[in-house]
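Protein chains in written order, with the UniProt record's numbering: chain A, 1 to 115; chain B, 1 to 1145.
Ideal Cβ placement from N, Cα and C applies to all residues, glycine included.
No experiment lies behind these values; they were computed from the predicted model shown.
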């Protein structure tokens, strides 16, 4: 299961980031941050080649020693729905950090239980 | 071969390697100067052929790597240039020996070598040698480049011969097996005659020839040889060499496709840690024969076809690289080769803009294990990875690896941590984390980023700079961290950061100067504009008493130059200009002015701000900094910053200056868009004197009720109506300029009260005579406060008093004053707050005195200052007249004025009037006093001039007239009161109670009648004596003082006797007889004229007789009737006496 889930804004800053092993959070920050290079590259390639049939699942970004980083331009259905809910909140300012409890619990459910 | 050359690129395969090294003692800078000149000869076109030779220079090369020269010939050192200093001929043999020993190091592979000798002169230097060049000094060596070119040509000749040699010996001779160092032991005892072995030899040789061809500039041949080598080696599964052949193929194809080179910005590339100036100077200059021309098609199409066949397509190049790398990967000892191949492939991919695939190569490169790496090698490796990631546009990855490299520099295992290098590398990671050390960029937009990562990086920068021994840098970075990341820090972090900031600033206070790093990077200053956060800046006007005003006349002159229009509905400013908008008010040179800032402290602890001052431009400004201490997470907190403008002109408040945690910051408003301000530009006018006002009366705390303007000070006093109080005002010049002019005016505020007489009066003459007033001096001015108000309250009050048992008649009964007055008469706390509002009878009178003064330079410019003094007087009623009436006096020119005087005080008081006895009144007592007064001739009062009459409201004019008349009456009466118990005294005015009727009674009639009996003027109370039997002449004189002609009149004289019992006897035909007619006719009398008519009477008996002169108007009914009061003819009392018996008796 997932150990870290991050929602990244269009301008490549985190809207939401959460990881299970809390003690090494910064490491995940670094991992997600660096994998954005790949996301950026993939998106720009997609944009050029097939603008109409956009593939939202970007797949494996890259494997590190311990984890594999996958990316979805939009996420698993459950996560996506939850994300949509957050976006539909009239009090949510697009671009702000996500602070929704519902979204939080959704993400928690998806993550592996800290062992 | 353990140390990879991370700088390698595909086109390096076509270069020949030349090592340039110093021999003996050569100053480093001189060596590198020569080295640079040598290295500039990176490409030599060979005479008599179209080919070019490319040279790669190294000043450092491991002989170990040289052993791989057979595997890839560009790794082989083929040339050696030694640079040496030789001072004298004696040293020469030693130098020569050294050169030779150095040659031996690379001896096996060297094609040729040169020695450049500097400093040697004389015999030895003059001999012509091809392998040695002599120069007298490092500065005089003009033909170094030429020498190197010759050297390169000689290398080419050897290279070409080797190529031809190797390329042609296909048949007959046994082909030697080329091998890499670690293979040697594997082939011991192998069957050298097997087909397999032969093929292997052939394949390897083909590959080798391919390398040579590539180096010799024969790209096509190289491609052919590589293809053959690939086929041969594939068949014998000689993977290492197969890989090399494939890589060679790739290199040749790359060289063909990308004549610009794959090293990217070779010239601009920063020298990495270990390798320096090794790269060819300018890849862009290279021109290869056979390279595509601009339109992509070579002139010779036939050769084009041949090439296209052998050359790999760009897409295939990567496939072949992949294959080659996978073969290399089979050999642990070929790690360096594999790594270098990866690097080369990445460079090619970067050119092809295939970042994803490039990242895969790099990912692979990361996992290549090169055994135990030294720390320095690790750093180098991480930096090059970072650089390559950067090349393919993976800036974040690049930053990540750069940071890893930086951390490696200071790894705990390193005995001497390279904090400097670490810091430098960390700085380079900043763009990857989208951080810029200029705080302006932050404030520009809403910066969002990877706060956690960025904060970490900034902390690392701080730490590294501290360990570098540069606390100034630490302070700068920490300030930046605080300024930009404040919102993202937790309370605990805020505390820690500020604590360490304070620690650092104790060693090196932070300032506003730009810190320039040795490599030229500039760290802009970080003003801590969030500590505290300023919300608004408001320039404050001077206090009312110090505000300068412009003289009216001068102001108009200024206005006319500004705009021809008096008013324009178009507002010409936009929001942006608001800051530059000039503020209406003015500041004065030399006077303290204030700016109010609303600040708040975002920190979870108390914030101490020191030296908070203003930053201004335009005029010389002395800022008086303030220190403040803001409580934790304070709300908006007003802070007033003060300063003194020292010159005149327009001052612009640009920002403010703070010192927080030892960091001084200049926060400019233009960089703080969140600060609200209503303009920052103020005119400073030249200095003016300052006056301080003090009075003899106590100051009043509450402002005037009726005045809207702000007052500098005010006094209040309680007075009884009619009382006069002296107020002494002392004006002291507390400024630095001479006081030159002083004007005093006053204005009474509440005009609804009818005020009699002058409220405030003063004499300025004496004060003005003391001008100019030097600083420190003072003048005094005495002002008389005189209150005379009408407390009678109109007719209602009279009614009221009537009820109280005082006899006043004939008035309707309903009065609000009635309720008011009664409790007042009993017991009432005097001066209590409620009395003022509840009871109307304490009246207030307020006036504002304005002291207009000027002097010094400000006066020249037409400015003055105002000092205002509010005078608040609570007027309590003293005595007032509830009723006034007149009684005719015994004389026609006099009358009795009856005044009902009411004492409304709680004290016993005495009322006195001119020529009258004192009247003692108890509290709330009303008594009537009668004053005999001569009637007034109002015509003698000065008439208002005609001009004024024409333009004034007739009603006003009438009031004015009444007023002057009343005041005349008042002054004549001179009624005063005195309260002995409290020693107060004052005047009582009748002005308010005088009505038209009374006035008329008091007025002398315009027709003045004089009756003269027996040559003696008679009036009512005068008894004229006459003798019985004598004719008594009676003369009636009419003087017309009215404006119109009067008359003609007929006057009838009627004598009668009064028996004093109500009976009047008119039947006196026997007693009195007229001599002549008893009727007088008076002709028309013109204004100011008089007319006299005479008659005579004869009294026959003694007795008291009265003469009543009756008036008959002949013009009755004709319109110009004369009011009966004008005929105030006295009745004449004549006493007829017995004639003295002289003759008869």
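What does a CB cutoff of less than 6 Å around residue i pick up in its chain, not counting 5 residues either side in sequence?
i: residue 868 (chain B); result: 711, 712, 848, 850
i: residue 876 (chain B); result: 720, 842
i: residue 7 (chain A); result: 15, 16
i: residue 668 (chain B); result: 654, 655
i: residue 3 (chain B); result: none
i: residue 337 (chain B); result: 328
i: residue 577 (chain B); result: Here the model assigns residue 577 (chain B) a pLDDT of 47, short of 50, so the residue's position is not dependable, and the following value carries that caveat. Hits under 6 Å: none found.
Give every residue of the same chain whose Cβ lies closer than 8 Å to the Cβ of residue i, excluding the five residues on either side of it in the sequence, and list them in chain order.
i: residue 884 (chain B); result: 897, 898, 899, 900, 990, 993, 994, 995, 998
i: residue 925 (chain B); result: 902, 903
i: residue 1200 (chain B); result: Because chain B here runs from 1 to 1145, residue 1200 (chain B) falls outside it and cannot be looked at.
Cβ of residue i within 7 Å of Cβ of residue j?
i: residue 653 (chain B); j: residue 616 (chain B); result: yes
i: residue 33 (chain A); j: residue 452 (chain B); result: no
i: residue 117 (chain B); j: residue 168 (chain B); result: no
i: residue 979 (chain B); j: residue 907 (chain B); result: yes
i: residue 432 (chain B); j: residue 396 (chain B); result: yes
i: residue 1054 (chain B); j: residue 1108 (chain B); result: yes
i: residue 724 (chain B); j: residue 784 (chain B); result: yes
i: residue 207 (chain B); j: residue 244 (chain B); result: yes
i: residue 247 (chain B); j: residue 324 (chain B); result: yes
i: residue 99 (chain B); j: residue 115 (chain B); result: yes
i: residue 1092 (chain B); j: residue 1037 (chain B); result: yes
i: residue 650 (chain B); j: residue 679 (chain B); result: no
i: residue 175 (chain B); j: residue 205 (chain B); result: yes
i: residue 454 (chain B); j: residue 426 (chain B); result: no
So, under 8 Å CB-CB, residue i and residue j are touching, yes? Tell me the CB distance rounded to an integer number of Å.
i: residue 458 (chain B); j: residue 481 (chain B); result: 4 Å
i: residue 38 (chain B); j: residue 144 (chain B); result: 7 Å
i: residue 102 (chain B); j: residue 224 (chain B); result: Not confirmed; about 38 Å, so no contact.
i: residue 961 (chain B); j: residue 935 (chain B); result: About 17 Å; that fails the 8 Å criterion.
i: residue 1184 (chain B); j: residue 14 (chain B); result: Outside the displayed range of chain B (1 to 1145) lies residue 1184 (chain B), so it cannot be described from this structure.
i: residue 200 (chain B); j: residue 164 (chain B); result: Rounded, the Cβ-Cβ distance is 23 Å, inconsistent with contact.
With a CB to CB cut of under 7 Å and the five nearest residues on each side skipped, what residues in its chain are close to residue i?
i: residue 155 (chain B); result: 16, 78, 79, 111, 112
i: residue 974 (chain B); result: 913, 914
i: residue 1146 (chain B); result: Not covered by the structure: residue 1146 (chain B). The range shown for chain B is 1 to 1145.
i: residue 1013 (chain B); result: 1024, 1032, 1034, 1132, 1134
i: residue 63 (chain B); result: 105, 106
Does residue i pass the burial test, meaning 16 or more other C-beta atoms within 10 Å, or should it be called exposed?
i: residue 322 (chain B); result: buried
i: residue 356 (chain B); result: exposed
i: residue 157 (chain B); result: exposed
i: residue 276 (chain B); result: Any answer about residue 276 (chain B) is weak, because its pLDDT of 34 lies below 50 and its placement is not dependable; what the coordinates show is given next. Its Cβ having fewer than 16 others within 10 Å, residue 276 (chain B) is exposed.
i: residue 21 (chain B); result: buried
i: residue 160 (chain B); result: buried
i: residue 953 (chain B); result: exposed
i: residue 23 (chain A); result: exposed
i: residue 424 (chain B); result: buried
i: residue 872 (chain B); result: buried
i: residue 11 (chain B); result: buried
### Query
Does the region 685-695 of chain B come within contact of the region 734-743 of chain B, defined as at least 3 CB pairs closer than 8 Å?
yes
Would the region 31-49 of chain B count as touching the region 370-390 of chain B if we require 3 or more Cβ pairs under 8 Å? no
- Between the region 1056-1068 of chain B and the region 1023-1035 of chain B, do at least 3 Cβ pairs fall closer than 8 Å? no
Assess contact between the region 593-600 of chain B and the region 632-647 of chain B, defined as three or more Cβ pairs (one per stretch) separated by less than 8 Å. Is contact present?
yes
query = Using 8 Å as the Cβ pair cut-off and three pairs as the minimum, do the region 605-614 of chain B and the region 624-631 of chain B touch?
reply = yes
For the pair the region 496-505 of chain B and the region 467-480 of chain B, tell me if three or more CB-CB distances fall below 8 Å. yes
query = Counting Cβ pairs, one atom from each stretch, are 3 or more of them under 8 Å apart for the region 3-12 of chain B and the region 84-95 of chain A?
reply = no
Cβ pair count under 8 Å reaching 3, the region 726-734 of chain B against the region 767-784 of chain B: yes
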